[in-house]
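**Student:** In terms of the numbering used here, the sequence shown is residues 2 to 94. For every residue, glycine included, the Cβ atom is placed at its ideal position computed from N, Cα and C.
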Amino acid sequence: MASYSPHKDDFLKRLRRIEGQIRGLQRMVEQDTYCIDVLTQVSAASRALQSFALQLLDEHIECCVRDAIAEGGQEANAKIREANQAIARLVRS
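1) Does the distance from the CB of A49 to the CB of Q32 come in under 8 Å?
2) So what's S4 in DSSP terms, helix, strand or just coil?
3) Assess contact between the segment 7–19 and the segment 53–64, defined as three or more Cβ pairs (one per stretch) separated by less than 8 Å. Is contact present?
4) Assign L66 to buried or exposed, taking buried as 16 or more other Cβ atoms, counted over all protein chains shown, within 10 Å of its Cβ.
5) When you compare each of L55, S4, R28 to I88 by their alpha carbons, which one comes out closest?
6) So, using beta-carbon positions, are A84 and A77 closer together than 8 Å?
7) Between the alpha carbons of L26 and R17, how many angstroms are there, rounded?
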């Protein structure tokens, strides 16, 4: 089971809102909206995605990584390494 499963509905609501923001961006471009206004909305959508990613990462660490550490062994090392790589990707984006 995915670590976000208990909160799946909340995650899906957030993604639908982000999807709405992206569709709004498409409409803005179709309507030849002023560039700076479009860029402002791009920034808002990017922040929303980043916030979503951080919440998902938090869920992963609180559940999957914590459980792997409790069990110990190679699985714990693999989960920690995987989380570190995910954090590095988020920081670079």
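**Tutor:** Let me spell this out:
1) No Cβ-Cβ contact shorter than 8 Å links A49 with Q32.
2) For S4, the three-state secondary structure derived from DSSP is coil.
3) yes
4) Here the sequence assigns Val to residue 66, which means Leu is not the residue at that position. Buried is the call here.
5) L55
6) no
7) 14 Å
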